[in-house]
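Peer 1: Numbering (the working numbering), first residue to last: 29 to 168.
Idealized CB from N, CA, C, for every residue including glycine.
Just so we're clear, the structure is a prediction, and the values are computed from it rather than from any experiment.
Okay, handing you the structure first.
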């Protein structure tokens, strides 16, 4: 893939600017507890104490993120480790209080992964790659 304006160094997680509460909840000092490669080799999972990120390798961008609420962290404990099924369809997160959260990982190849937005222009460019958004579903 060739980038007409270079590789992005900043990404925006929402369509609008972050509010004060959302910005305050994003901690910059979260440590990476685990890093696992998915079986296709194009994505990897990063686990922190309260978040799970799925990254695409090339270009290196966040595809999906799950953030646990303060209530969930209190009741079930912080994330400690992650185990990924060999076919990368399921992931289990072990918490500090001994609970397991099971997540289903699904690829949506029909959706666009990223979209360039130029504020000074009325045009945008969408990726035509076979990649797509990655959904993480919680299994109960």
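Please classify residue 61: does DSSP put it in a helix, a strand, or coil?
Peer 2: By one-based count along the chain shown, residue 61 stands at place 33. Reduced to three states, the DSSP call for residue 61 is coil.
Peer 1: Would you mind reading off the limits of the alpha helix (DSSP H) that contains residue 92?
Peer 2: By 1-based counting over the chain shown, the position of residue 92 is 64. Segment 89-95 is the beta strand (DSSP E) holding residue 92; no alpha helix (DSSP H) there.
Peer 1: Answer yes or no: do residue 114 and residue 133 have a C-beta to C-beta separation smaller than 8 Å?
Peer 2: Working through the chain shown from its first residue, we reach residue 114 at position 86. Working through the chain shown from its first residue, we reach residue 133 at position 105. For residue 114 and residue 133, no; Cβs fall outside 8 Å.
Peer 1: Apply the 10 Å Cβ neighbour rule to residue 96 and answer buried if 16 or more other Cβ atoms are within range, or exposed otherwise.
Peer 2: The residue given as residue 96 occupies position 68 in the chain shown. Under this definition residue 96 is a buried residue.
Peer 1: Under three-state DSSP, which class holds residue 101?
Peer 2: Counted from its first residue, the chain shown places residue 101 at position 73. Helix, per DSSP.
Peer 1: For chain C, find out if any of its Cβ atoms is closer than 8 Å to the Cβ of residue 110; answer yes or no.
Peer 2: Chain labels in this structure do not include chain C; a single protein chain is all it has.
Peer 1: For residue 60, count neighbouring Cβ atoms within 10 angstroms of its own Cβ and tell me buried if that reaches 16, exposed if not.
Peer 2: Residue numbering aside, residue 60 sits at position 32 when the chain shown is read from its first letter. Classification of residue 60: exposed, given that the 10 Å Cβ count is below 16.
Peer 1: Assuming residue 107 is part of the beta strand (DSSP E), what are its boundary residues?
Peer 2: Position 79 of the chain shown holds residue 107. Looking at the DSSP string, the run of the beta strand (DSSP E) that includes residue 107 is 107-112.
Peer 1: In or out: residue 99 buried (at least 16 other Cβ within 10 Å) or exposed?
Peer 2: Here residue 99 refers to the residue found at position 71 when the chain shown is read from its first residue. Classification for residue 99: exposed.
Peer 1: Between 69, 112 and 126, which lies nearest to residue 62 when the distance is taken from Cα to Cα?
Peer 2: The sequence position of residue 62 within the chain shown is 34, counting from 1. Checking every option, the nearest Cα to that of residue 62 belongs to 112.
Peer 1: Are there 16 or more other CB atoms within 10 angstroms of the CB of residue 75, so buried, or fewer, so exposed?
Peer 2: Stepping through the chain shown from its first residue, residue 75 is reached at position 47. Under this definition residue 75 is a buried residue.
Peer 1: Do residue 79 and residue 93 have their C-beta atoms within less than 8 Å of each other?
Peer 2: Along the chain shown, one-based indexing puts residue 79 at 51. Along the chain shown, one-based indexing puts residue 93 at 65. Against a cut-off of 8 Å, the Cβ pair of residue 93 and residue 79 comes out as a contact.
Peer 1: Count the other CB atoms within 10 Å of the CB of residue 127; is the residue buried (16 or more) or exposed (fewer)?
Peer 2: Here residue 127 is taken as the residue at index 99 of the chain shown, counted from 1. Answer is exposed; the Cβ neighbour count stays below 16.
Peer 1: Counting along the chain, where does the beta strand (DSSP E) carrying residue 79 start and finish?
Peer 2: Numbered from 1 along the chain shown, position 51 holds the residue referred to as residue 79. Its beta strand (DSSP E) spans residues 79-84.
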